[in-house]
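**Q** Counting in the numbering used here, the sequence shown runs from -4 upward without gaps. Note that beta-carbon positions come from the ideal geometry of N, C-alpha and C, so glycine has one too.
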Amino acid sequence: MRKALGLFIILIFAAVIILPAIIIEGISLLQPPVQVQSGQQLVRVYFHQGGDIRIIPLEEYITGVVAGEMPADFELEALKAQAVAARTYTLKKIEDARSKPDDHHPGADICTDPAHCQAYADDDVLQERWGLINFWRNKGKIQEAVRATAGMVLTYQGKLIDPVYHANSGGRTESAAAVWGQDLPYLQSVPSPWDKEAPRYQAATTFTLEELDRKLGVDLTSVPAASLAPSGGTAIRVLERTATGRVKTIKIGDRTFSAVELRRLLDLPSTYFTWLVQGDCITFNTTGYGHGVGMSQYGANGMAREGKNFAEILTYYYRGVKIENR
Ligand SMILES: [Zn+2]
-4 MRKALGLFII
6 LIFAAVIILP
16 AIIIEGISLL
26 QPPVQVQSGQ
36 QLVRVYFHQG
46 GDIRIIPLEE
56 YITGVVAGEM
66 PADFELEALK
76 AQAVAARTYT
86 LKKIEDARSK
96 PDDHHPGADI
106 CTDPAHCQAY
116 ADDDVLQERW
126 GLINFWRNKG
136 KIQEAVRATA
146 GMVLTYQGKL
156 IDPVYHANSG
166 GRTESAAAVW
176 GQDLPYLQSV
186 PSPWDKEAPR
196 YQAATTFTLE
206 ELDRKLGVDL
216 TSVPAASLAP
226 SGGTAIRVLE
236 RTATGRVKTI
246 KIGDRTFSAV
256 ELRRLLDLPS
266 TYFTWLVQGD
276 CITFNTTGYG
286 HGVGMSQYGA
296 NGMAREGKNF
306 AEILTYYYRG
316 VKIENR
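Written out as structure tokens, the structure reads:
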């Protein structure tokens, strides 16, 4: 009798714990396509650091994206705006991945590399970043922003938009045409005065001439110091500016760079810069943080502080868009 009871307990244990674990593990190994389960879309997320793909329900995924992309102490309406932008981007990536798998992460819709898709922070990362008490408070606040906007996306003429955003525009956002050469009606330049009050508004990045030579493949160490000066110098010269005053193309030594490329090579905060020569060093003084196109996150926070809601923030930075439920 006792033996039978023991066997029964083992069987129950197998049915309740082991069997579901095997099934779930088996499912994740198969990497199923995106499907709707109990009304919620699933996202196939490629974790670029570990190289694994996890299937995450959409709204749970969006919570991790907002946590990864925007400081949790931002205003609730700014977090809601970020949630709608993140959801729009995600659904667009899912659409794209269905029609043509992404070469960077075949079998997944999106990745956690902010340089390629968008950042995502899971609970382990957030607990480490915030500590346990702040974790529950911050996560609750972000979940509230995601829940309040559940299913909402941004569209232009019925299609999901490319909801690009950046940290701080430096006072005026940039058009997509000026930065990437592609004119999009909803990504035009708008004033963003709130950014001037925010951190990351201005920064200085200093390089020695040797460092610049190495990073850019030029030879500034051999030119006279006077030719490096921003006014009248010939060795470093801005060839073209965008309508907002950002650098568009610049000649450095005997090479010409697009400012976007220069920003990437030197890891500059933005393309909105001047420079200063001191001895054998050059300091780039930048305004703003990020490419400057679309929504400014600090601008969104400034608008929210002034009492604007997430819809007002989104339709301000993305001109002519609609907020729809998907
Ligand atoms: Zn990616």
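(1) To the nearest angstrom, report how far apart Thr229 and Gln197 are at their CA atoms.
(2) Bridge partners for Thr281 per DSSP, in chain order?
(3) Ligand 1 heavy atoms versus the CB of Asp108: any closer than 7 Å?
(4) Could you tell me the distance, in whole angstroms, from the CA atom of Gly285 to the CA atom of Pro158?
(5) Taking 8 Å as the cut-off, decide whether the C-beta atoms of Leu211 and Asp275 are in contact.
(6) Straight-line CA distance for Pro27 to Gly45?
(7) Determine the closest residue to Leu182 out of Val233, Phe69, Tyr313 and Leu215, with distance taken between C-alpha atoms.
(8) Which same chain residues, not among the five before or five after Ala145, have their C-beta less than 8 Å away from its C-beta?
(9) Roughly how far, in whole angstroms, is the beta-carbon of Lys246 from the beta-carbon of Glu235, given that I think they are within contact range, below 8 Å?
(10) Is Ile128 buried or exposed, if buried means 16 or more other CB atoms sit within 10 Å of its CB?
(11) Which residue from Val316, Gln35 and Arg321 puts its Cα closest to that of Leu179?
(12) Can you name the start and end residues of the alpha helix (DSSP H) that Asn133 belongs to?
(13) Would you list the one or two residues that DSSP bridges to Ile342?
(14) Identify whether Val174 lies in helix, strand or coil by the three-state DSSP scheme.
(15) Apart from the five residues on each side of it in sequence, which residues of its chain come closer than 6 Å, Cβ to Cβ, to Gly283?
(16) Following the continuous beta strand (DSSP E) through Asn296, name the residue where it begins and the one where it ends.
(17) With distances taken Cα to Cα, identify the nearest neighbour of Val213 among Thr239, Gly248, Thr200 and Ala224.
(18) Can you tell me whether DSSP reads Val61 as helix, strand or coil?
(19) Is the closest heavy atom of ligand 3 to the C-beta of His100 under 7 Å?
(20) Are the segment 70 to 88 and the segment 291 to 301 touching by the rule of at least three beta carbon pairs closer than 8 Å?
(21) If we ignore side chains and look at the alpha-carbon of each, how far apart do Asn280 and Phe202 end up?
(22) Pull up the DSSP beta-bridge partners for Cys106, would you.
(23) From this set, Gln35, Leu86, Lys87 and Gln122, which residue's C-alpha is nearest Ala67's C-alpha?
(24) Please determine whether the Cβ atom of Ile105 lies at a distance below 7 Å from any heavy atom of ligand 1.
(25) By the three-class DSSP mapping on this structure, what secondary structure does Arg188 have?
(26) Any idea what DSSP makes of Asp47, helix, strand or coil?
(27) Does the distance between the C-beta of Cys276 and the nearest non-hydrogen atom of ligand 1 fall short of 7 Å?
(28) Could you tell me the alpha carbon to alpha carbon distance between Leu37 and Tyr293, rounded to whole angstroms?
(29) In whole angstroms, what is the alpha-carbon distance linking Ser226 and Pro219?
**A** This is what the structure holds:
(1) 26 Å
(2) Ala198 and Phe268
(3) yes
(4) 14 Å
(5) no
(6) Reliability fails at Pro27, whose pLDDT of 39 lies under 50, so the model's placement of it is uncertain and the value that follows must be treated cautiously. If you take the alpha carbons of Pro27 and Gly45, they lie about 19 Å apart.
(7) Tyr313
(8) Glu54
(9) Wrong, their Cβ atoms sit about 10 Å apart, outside the cutoff.
(10) exposed
(11) Val316
(12) Leu127 to Ala143
(13) Because the chain is modelled from -4 through 321, residue 342 falls outside the range shown and cannot be assessed.
(14) helix
(15) Asn163, Ser164, Gly165, Ser265 and Tyr267
(16) Counting along the chain, Asn296 falls outside any beta strand (DSSP E), though it belongs to the alpha helix (DSSP H) covering Gln292 to Arg300.
(17) Gly248
(18) helix
(19) As presented, the structure is devoid of ligand 3, carrying ligand 1 as its sole ligands.
(20) yes
(21) 12 Å
(22) Tyr41
(23) Gln122
(24) yes
(25) The sequence given here places Pro at residue 188; Arg does not occur at that position. Here Pro188 sits in helix by DSSP.
(26) strand
(27) no
(28) 30 Å
(29) 14 Å
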